[in-house]
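**Student:** Below is a structure I'd like to ask you about.
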Amino acid sequence: MDKDKWIERFQTIKERLNFLRLSADEDLFNDEDAPEANQQQDVSVERELTLEELLARSRRRRWILRGLLIALVVCSAVGFYLYNRMHAFDDYIISSSIDNAMTSGTQYEAVGKYLYRYNTDGVSCVTRKNEVEWSITYSMQAPIVDVCGTTMAIAEQQGTQVYVVNEDGLVGNFTCTLPILKVRVSNQGVVAVVLQDEDVTWVRLYDANGESIVNDRTTISDSGYPLDVDLSPNGEKMVVSYLAVADGVMTSTVVFYDFGSGGNAEADYEISSETFSGCTVPYVYFTDNTTAVAIADNGFTVFKGSTPTKKAECSFDEEIVSCFHDDDTIGFLFSDITGENQYRMELYNYNARKKVSKGIDVDFDEIKIENDRIMMYTASSCSIYTKSGRLRYSSAYEKEIVDIFYFSEFRRYLIVTPDSFDRIRIC
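Using this note's numbering, read the sequence shown as starting at 1399 and increasing by one per residue.
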């Protein structure tokens, strides 16, 4: 009886302790599966690391490709820039051609984005596409012009008519009482004319409508003969180059006048002068309101200041073949005495410092500097140089060249012929 009771109790305790055995079995099972689980976890980590490496490699490749692309673009741009800057072009393409019916003797002046076209019958303002903005008729035997900014004066040489125009059309016109030798104009429309009397030469100043501002009477015995005259852009100052001969000695005098607040009417408005012995000064001009240049047959002199005084000068031992200038550069052509080239071109700034000296072999009838391009041309060919003296373009042209213009467009020029406006691209 007691034995059965103890067996029953032992059975009960055994059943109650079964959960411990199950837990131990589960732990054992888990311990057996642990290496596999850890292995799977390591594989997962390894897989994640591999994806990160792939992404990093992909990013590196993208940056390398971008760097190579940027380097290729930069190298191409630098190569194109150097090619475009250093290469001398010798061919052209006519990108457009517009009909141009013009009479013989028609000439052109570039003014801003327009061209002033003038001849013996009148003057007109045209666009680069030869579209007429305005037109004025007159009758002159030998028109001469001067341009300052966008204002142009047209006068009849050895005649008496004067017309003043700007981009909007006619500013004014008047008639002089004596034959006209030279005409100059300011940006405001003030006109200076050199008039020839029998024994007296007059330098007179007018407004655009012909109202007299100043009369300067000159004679050979007193001041000398006025070779040239110019006005400052604001019309307040005037420079005159006089030539006199005394005792067989030739003397040139450059005289400055001020008609503004700095001048003195009692002293004939004269504010300064400079005398040059043994040479002529056939050309004087203002670059701005306070800077003027006198070009002699043996050099040039620069005057600066509200009261112009000599600030710089340069003399030459050789004969000047041609001269050209803009607002910051003055250029000269000389015959090349070495025989290596036909000419030698020298460019100076207005401190009389030489910037360029270069031998060139170019035939030309006309030479001018416009928008940093030096253009030399004949009726059948043209050559173009930069202000650094580098040859930009040289070629014969298939039509007769009347004029050539550069409007700061990339490799593009406007060539005017007797029957067309040709826009060309050099290549």
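The C-beta atom is built at its ideal place from N, Cα and C for all residues, glycine as well.
Tell me whether residue 1578 sits in a helix, a strand or coil according to DSSP, three-state version.
**Tutor:** Counted from its first residue, the sequence shown places residue 1578 at position 180. Note: residue 1578 maps to strand in three-state DSSP.
**Student:** According to the neighbour-count rule (16 or more other Cβ atoms, all chains shown, within 10 Å of its Cβ), is residue 1601 buried or exposed?
**Tutor:** Looking up residue 1601 in the sequence shown gives position 203. By the neighbour-count rule (16 or more Cβ atoms within 10 Å), residue 1601 is buried.
**Student:** If you drop the 5 nearest sequence neighbours on each side, which residues of the same chain put their C-beta closer than 6 Å to that of residue 1692?
**Tutor:** Locating residue 1692 in the sequence shown gives position 294, where the first residue counts as 1. Excluding sequence neighbours, residue 1692 sits near 1652, 1679, 1682 and 1699.
**Student:** Using DSSP with H/G/I as helix, E/B as strand and the rest coil, what is residue 1468?
**Tutor:** If you number the sequence shown from 1, residue 1468 lands on position 70. In this structure, residue 1468 counts as helix in the three-state DSSP scheme.
**Student:** If we ignore side chains and look at the alpha-carbon of each, how far apart do residue 1821 and residue 1648 end up?
**Tutor:** As a working note, residue 1821 is residue 423 in the sequence shown. As a working note, residue 1648 is residue 250 in the sequence shown. About 48 Å.
**Student:** For a quick check, are the C-beta atoms of residue 1542 and residue 1520 less than 7 Å apart?
**Tutor:** Here residue 1542 refers to the residue found at position 144 of the sequence shown. Here residue 1520 refers to the residue found at position 122 of the sequence shown. Not closer than 7 Å, so no.
**Student:** Whole beta strand (DSSP E) runs in the segment 1735-1810 with 3 or more residues, listed along the chain?
**Tutor:** Segments of the beta strand (DSSP E) lying fully in the segment 1735-1810: 1741-1746, 1752-1758, 1764-1768, 1771-1775, 1779-1784, 1789-1794 and 1801-1803.
**Student:** For residue 1756, which residues from the same chain have a beta carbon less than 6 Å from its beta carbon, with the 5 sequence-adjacent residues on both sides left out?
**Tutor:** On the sequence shown, position 358 is the one that residue 1756 refers to. Closer than 6 Å at the Cβ level, and outside the excluded window around residue 1756, lie 1743 and 1787.
**Student:** Whole angstroms are fine: how far does the CA of residue 1705 sit from the CA of residue 1567?
**Tutor:** Within the sequence shown, the letter at position 169 stands for residue 1567. Within the sequence shown, the letter at position 307 stands for residue 1705. Residue 1567 and residue 1705: Cα-Cα distance of roughly 34 Å.
**Student:** With residue 1680 as the anchor, note down where its beta strand (DSSP E) starts and where it stops.
**Tutor:** The count along the sequence shown starts at 1 and reaches residue 1680 at position 282. Counting along the chain, residue 1680 falls outside any beta strand (DSSP E), and DSSP gives it neither H nor E.
**Student:** Rounded to whole angstroms, what's the CA-CA distance from residue 1747 to residue 1522? Just pull it up for me.
**Tutor:** Residue numbering aside, residue 1747 sits at position 349 when the sequence shown is read from its first letter. Residue numbering aside, residue 1522 sits at position 124 when the sequence shown is read from its first letter. The straight-line gap from Cα to Cα measures roughly 34 Å.
**Student:** Please work out which residues of its chain come closer than 8 Å, Cβ to Cβ, to residue 1790, disregarding the five sequence neighbours upstream and downstream, and give them in chain order.
**Tutor:** Residue 1790 sits at position 392 when you count from the first residue of the sequence shown. Only 1486, 1487, 1771, 1782, 1783, 1784 and 1824 meet the Cβ criterion.
**Student:** For residue 1494, which residues in the same chain have their Cβ closer than 6 Å to its Cβ, ignoring the five residues on either side in sequence?
**Tutor:** Position 96 of the sequence shown, counting from 1, holds the residue named residue 1494. For residue 1494, where only same-chain residues beyond five positions count, the Cβ hits under 6 Å are 1821.
**Student:** Assuming residue 1591 and residue 1549 form a contact by the criterion Cβ under 8 Å, report the distance between their Cβ atoms to the nearest whole angstrom.
**Tutor:** Numbered from 1 along the sequence shown, position 193 holds the residue referred to as residue 1591. Numbered from 1 along the sequence shown, position 151 holds the residue referred to as residue 1549. 15 Å between Cβ atoms; not a contact.
**Student:** Could you tell me the distance, in whole angstroms, from the CA atom of residue 1598 to the CA atom of residue 1577?
**Tutor:** Counting from one through the sequence shown, the residue named residue 1598 turns up at place 200. Counting from one through the sequence shown, the residue named residue 1577 turns up at place 179. For residue 1598 and residue 1577, the distance between alpha carbons rounds to 12 Å.
**Student:** Leaving out five residues before and five after residue 1595 in sequence, what residues of the same chain have Cβ atoms less than 8 Å from its Cβ?
**Tutor:** Here the question's residue 1595 lines up with position 197 in the sequence shown. Contacts found: 1576.
**Student:** Going by C-alpha distance, which of 1721, 1516 and 1646 is nearest residue 1505?
**Tutor:** As a working mapping, residue 1505 is identified with position 107 in the sequence shown. Selected option, being the one with the closest Cα: 1516.
**Student:** Give me whichever residues DSSP pairs with residue 1723 in a beta bridge.
**Tutor:** Working through the sequence shown from its first residue, we reach residue 1723 at position 325. The partner list for residue 1723 (beta bridge, DSSP) reads 1728.
**Student:** Run through the DSSP bridge pairs and tell me what residue 1526 is partnered with.
**Tutor:** The residue given as residue 1526 occupies position 128 in the sequence shown. For residue 1526, which the question treats as bridged, DSSP gives no partner whatsoever.
**Student:** Please work out which residues of its chain come closer than 7 Å, Cβ to Cβ, to residue 1826, disregarding the five sequence neighbours upstream and downstream, and give them in chain order.
**Tutor:** A question about residue 1826 goes unanswered here, because the residues of the chain that appear run from 1399 up to 1825.
**Student:** Quick one: Cα of residue 1465 to Cα of residue 1480, how far?
**Tutor:** For the purposes of this step, residue 1465 is identified with residue 67 of the sequence shown, where counting begins at 1. For the purposes of this step, residue 1480 is identified with residue 82 of the sequence shown, where counting begins at 1. Their backbone Cα atoms lie some 22 Å apart in a straight line.
**Student:** If you reduce the DSSP assignment to three classes, tell me which class residue 1705 lands in.
**Tutor:** Within the sequence shown, numbered from 1, the residue matching residue 1705 stands at position 307. Here residue 1705 sits in coil by DSSP.
**Student:** For the beta strand (DSSP E) that residue 1571 lies in, which residues bound it at each end?
**Tutor:** Walking along the sequence shown from the start, residue 1571 turns up at place 173. Per DSSP, residue 1571 belongs to the beta strand (DSSP E) from 1567-1573.
**Student:** Return yes when the Cβ of residue 1553 is within less than 7 Å of the Cβ of residue 1560, no when it is not.
**Tutor:** As a first step, residue 1560 is located in the sequence shown; it is residue number 162 there, counting from the start. As a first step, residue 1553 is located in the sequence shown; it is residue number 155 there, counting from the start. Yes, Cβ-Cβ distance for residue 1560 and residue 1553 is below 7 Å.
**Student:** If you drop the 5 nearest sequence neighbours on each side, which residues of the same chain put their C-beta closer than 6 Å to that of residue 1640?
**Tutor:** Within the sequence shown, residue 1640 is the residue found at index 242, counting from 1. Only 1621, 1622, 1624 and 1651 meet the Cβ criterion.
**Student:** Could you give the distance in angstroms between the alpha-carbon of residue 1473 and the alpha-carbon of residue 1525?
**Tutor:** Stepping through the sequence shown from its first residue, residue 1473 is reached at position 75. Stepping through the sequence shown from its first residue, residue 1525 is reached at position 127. So the alpha carbons of these two residues sit roughly 39 Å apart.
**Student:** Residues in the same chain with beta-carbon distance under 6 Å from residue 1797, minus the five sequence neighbours each way, listed in chain order, please.
**Tutor:** Locating residue 1797 in the sequence shown gives position 399, where the first residue counts as 1. Once the five neighbours on either side are set aside, the close Cβ partners of residue 1797 are 1815.
**Student:** In the DSSP output, which residue or residues are listed as bridge partners for residue 1698?
**Tutor:** Position 300 of the sequence shown, counted from the first residue, corresponds to residue 1698. Partner(s): 1693 and 1712.
**Student:** Compare the Cα-Cα distances from residue 1730 to each of 1537, 1502 and 1752 and report the closest residue.
**Tutor:** Within the sequence shown, numbered from 1, the residue matching residue 1730 stands at position 332. Among 1537, 1502 and 1752, the Cα nearest to that of residue 1730 belongs to 1752.
**Student:** Do you know how far the Cα of residue 1721 is from the Cα of residue 1501?
**Tutor:** For the purposes of this step, residue 1501 is identified with residue 103 of the sequence shown, where counting begins at 1. For the purposes of this step, residue 1721 is identified with residue 323 of the sequence shown, where counting begins at 1. Those two C-alpha atoms are separated by around 29 Å.
**Student:** Among the candidates 1804, 1637, 1685 and 1689, whose CA atom is the shortest distance from the CA of residue 1671?
**Tutor:** Position 273 of the sequence shown holds residue 1671. The candidate whose alpha carbon is nearest that of residue 1671 is 1637.
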